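> Right, I'll just put the structure down here and ask away after.
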Amino acid sequence: MVQLILVERICGRPLGLQFNNRSCELYVADAYFRLMRVERNGGVARQLASSAEGIPFRFTNALDIDQVTGVVYFTDSSSRYTRRENLRVSASGDNTARFMRYDPVSRRVTVLLRGLSLALSEDHDYVLIPETSLRAGTSDIFAQVPGSPDNIKRNDMGHFWVALNNGRSVPSSNDEPIVVRLDGQGRILERRHGNGFMQSTSEVNENRGTLFVGSVGMPYVGSSRV
1 MVQLILVERI CGRPLGLQFN NRSCELYVAD AYFRLMRVER NGGVARQLAS
51 SAEGIPFRFT NALDIDQVTG VVYFTDSSSR YTRRENLRVS ASGDNTARFM
101 RYDPVSRRVT VLLRGLSLAL SEDHDYVLIP ETSLRAGTSD IFAQVPGSPD
151 NIKRNDMGHF WVALNNGRSV PSSNDEPIVV RLDGQGRILE RRHGNGFMQS
201 TSEVNENRGT LFVGSVGMPY VGSSRV
């Protein structure tokens with residue numbers, strides 16, 4: 001684990017990935033190389049943004065795309081500490097996390113929420129969901145989940161898969177949920193357990209009836225049928 005953390009400063013650590021379905025471009029939130037994009041024909045990722053309002057990104061994290069407008073929403077978990085210093089974020093009470101949007105047309109980054117205080121476990125503990133209703137422009141608690149939530153992904157049915165990070169350097173116990181599925185109102189529809197194999201779940205993505213589960217500490221991707 002220590003070796004991986006040392007190497008990722010050089011090689012990068014992608015924490016958020018999402019395709020623009022129209023352009024076939026892959027957007028990447030890398031903890032060290034900031035917001036990046038891989039063109040539709042592949043190749044080396046190109047950096048799109050590294051700062052906002054004059055403040056550099058230090059811990060670029062989750063990412064999602066509005067498939068209608070192409071606008072990219074992403075987070076920077078700290079303006080002071082990098083991913084390998086994540087324990088300092090919680091220990092110091094750091095409140096420099098930001099929620100931002102990147103416009104691929106104007107190439108501008110806009111800060112939507114700032115001064116966020118995230119209680120980090122081994123990786124990070126939060127869920128941010130943009131609200132597009134009468135309460136647009138505000139923030140609110142969307143759901144309470146049985147664990148420390150990490151990245152969140154929406155499936156084709158409009159439900160949300162939330163990865164639960166146990167914040168420990170040991171695999172989850174058999175009865176400890178590593179993933180929950182929420183409906184659009186934040187109600188828990190399903191809980192899935194790691195059966196002792198997954199450690200600090202970081203993300204779960206559903207594709208063609210299969211769940212792919214990533215981890216902060218494990219050197220593999222887990223999978224299971226929906």
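Be aware that the sequence shown starts at 1, since it is given in the UniProt record's numbering, and climbs by one per residue. We treat Cβ as the ideally placed atom computed from N, Cα and C, and that holds for glycine. Predicted model only: the values in this text are computed from it and were never measured.
#1: Within 10 angstroms of the Cβ of Q18, are there 16 or more other Cβ atoms? Answer buried if so, exposed if not.
#2: Since I believe D183 is in contact with L164 (beta carbons under 8 Å), could you give me their beta-carbon distance rounded to a whole number of angstroms?
#3: Assuming F57 is part of the beta strand (DSSP E), what are its boundary residues?
#4: When you compare each of T201, S215, L189 to V226 by their alpha carbons, which one comes out closest?
#5: Classify S169 as helix, strand or coil using the three-state DSSP reduction.
#6: With three or more beta-carbon pairs closer than 8 Å as the criterion, would you say the stretch 87-96 touches the stretch 39-53?
#7: I think G147 touches P177, with their Cβ atoms under 8 Å apart; what is that distance to the nearest whole Å?
#8: For my contact list, N61 and A29 are in at a C-beta cut-off of 8 Å; report their separation, rounded to the angstrom.
#9: Quick one: what does DSSP say R9 is sitting in, helix, strand or coil?
#10: I'd like the list of long-range same chain contacts for R191, defined as Cβ closer than 6 Å, with 5 residues on each side in sequence excluded.
#11: According to DSSP, Q47 sits in a beta bridge with which residue or residues?
#12: Expressed to the nearest angstrom, what Euclidean distance is found between the alpha-carbon atoms of V38 and G12?
#13: Taking the alpha-carbon positions, what's the A31 to D64 distance?
#14: So, are the CB atoms of P104 and G54 less than 8 Å apart?
#15: For S223 versus S215, is the C-beta spacing smaller than 8 Å?
#16: Residues in its own chain within less than 6 Å of R114 by CB, not counting five upstream and five downstream?
#17: If we ignore side chains and look at the alpha-carbon of each, how far apart do F142 and R187 end up?
#18: Short of 7 Å in beta carbon distance, which residues of its chain neighbour P56, apart from the five on each side in sequence? Order them along the chain.
In this structure, then:
#1: The C-beta of Q18 has 16 or more other C-beta atoms within 10 Å across all chains shown, which makes the residue buried.
#2: In fact, because the Cβ distance is near 17 Å, the residues do not count as touching under 8 Å.
#3: From DSSP, F57 is part of no beta strand (DSSP E); its letter is neither H nor E.
#4: L189
#5: The pLDDT assigned to S169 is 48, lower than 50, so where the model puts this residue is not dependable, and the model offers no usable value.
#6: no
#7: 6 Å
#8: 6 Å
#9: helix
#10: Scanning its chain for C-beta atoms nearer than 6 Å, with the 5 sequence neighbours on each side dropped, one finds around R191 the residues P177, V180, in chain order.
#11: DSSP output for Q47 lists M36 as bridge partner(s).
#12: 14 Å
#13: 15 Å
#14: no
#15: S223 places its beta carbon 8 Å or farther from that of S215.
#16: R98
#17: 9 Å
#18: S50
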